[in-house]
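If you're matching positions, the sequence shown starts at 1267 in my numbering and goes up one per residue.
Glycine included, each C-beta is placed from N, C-alpha and C at the ideal position.
Worksheet: the structure to be examined is printed underneath.
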Amino acid sequence: MVCSHVQFLERHEGESVVLPCMIEHRNTSPFGVYLKRSWLHPSEVLFMYTKSEFSVTNVEDKIRTSVTGDPSSHSLNVTISQLRISDTDRYYCEFVVNNPSSEDERIPGKTEFFVLVTEIKSVFNLLAPFTDLFSSCLNDCQSKARHRVSSRPQPPVYEEMTGLQSVGRKLSPCHLEEMESSEYRNCFVKKSSENYYESPSGALCPRSASQK
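So this is what it looks like as structure tokens:
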């Protein structure tokens, strides 16, 4: 089999692919065409006789395969829909031309097709770039916030404690005595007018006859 070139076709599951089959025009028109697989699962996919309905090797493929055109016109299109992962393979067309003097001639189409069917990407995979971007922005914002907080100088704990101790040491004994004496000066003794035993000097003495 000799083909002019290979065409790469990538599709997702459930999608469709069109395989255009054609050969150079010749005096004798083809009366039939094959679509074949030649790599993972070498086999005949379909055969179409001119002016007739095509037939498929796998009956399940009938409802998802269609053909437009006719072999006698040297070109046609084969469409495979509802693609599956198992459809991944190399495909080529092979036209059949009548040869009265010998066996029928089989002519490969101009193009061989490499069909790759991949899984449908999940929603998570579609959103992954945006999720990564959001995560990156969030990490950047958190990093900047931590940098702002750490840039504010805060006295160490031991400095705060030594500061309290230094304040205590600055209070001299004289100052403490002044504080204590001032507290006593601010306090006063309320003398009761009903205590007849208390003399002006603060000593106790018996009442005189005139006081009774």
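{"Asked": "Phe1274 versus Ser1402, Phe1320 and Leu1382, residue with shortest Cα-Cα distance", "Found": "Leu1382"}
{"Asked": "Within 8 Å, strictly: CB atoms of Thr1316 and Ser1347", "Found": "no"}
{"Asked": "Those residues which DSSP pairs with Ile1351 across a bridge", "Found": "DSSP, once it has assigned bridges, lists no residue as partnering Ile1351."}
{"Asked": "Length of the line joining the Cα atoms of Glu1371 and Thr1377", "Found": "18 Å"}
{"Asked": "Residues bridged to Ile1373 (per DSSP)", "Found": "Phe1361"}
{"Asked": "For Thr1331: DSSP bridge partner residues", "Found": "Ile1346"}
{"Asked": "Stretch pair the segment 1297 to 1312 + the segment 1321 to 1334: three plus CB contacts closer than 8 Å", "Found": "yes"}
{"Asked": "Three-state class that DSSP yields for Glu1326 in the structure shown", "Found": "helix"}
{"Asked": "Ser1214 in three-state terms, based on DSSP", "Found": "The requested residue 1214 is not part of the displayed model; the chain covers only 1267 to 1478."}
{"Asked": "Whole-angstrom distance between Ser1402 and His1340, CA atom to CA atom", "Found": "57 Å"}
{"Asked": "Leu1349 and Glu1290 closer than 8 Å at C-beta", "Found": "no"}
{"Asked": "Val1221 versus Phe1313: straight-line alpha-carbon distance, rounded", "Found": "With the chain represented from 1267 up to 1478, any question about residue 1221 goes unanswered, as that position is not in the structure."}
{"Asked": "Other residues of its chain near Val1333: CB distance less than 8 Å, five sequence neighbours each side excluded", "Found": "Leu1312, Met1314, Phe1320, Leu1342, Asn1343, Val1344 and Thr1345"}
{"Asked": "Three-way DSSP call (helix, strand, coil) for Ser1309 in this model", "Found": "strand"}
{"Asked": "Backbone secondary structure at Ser1402 - three-state DSSP", "Found": "helix"}
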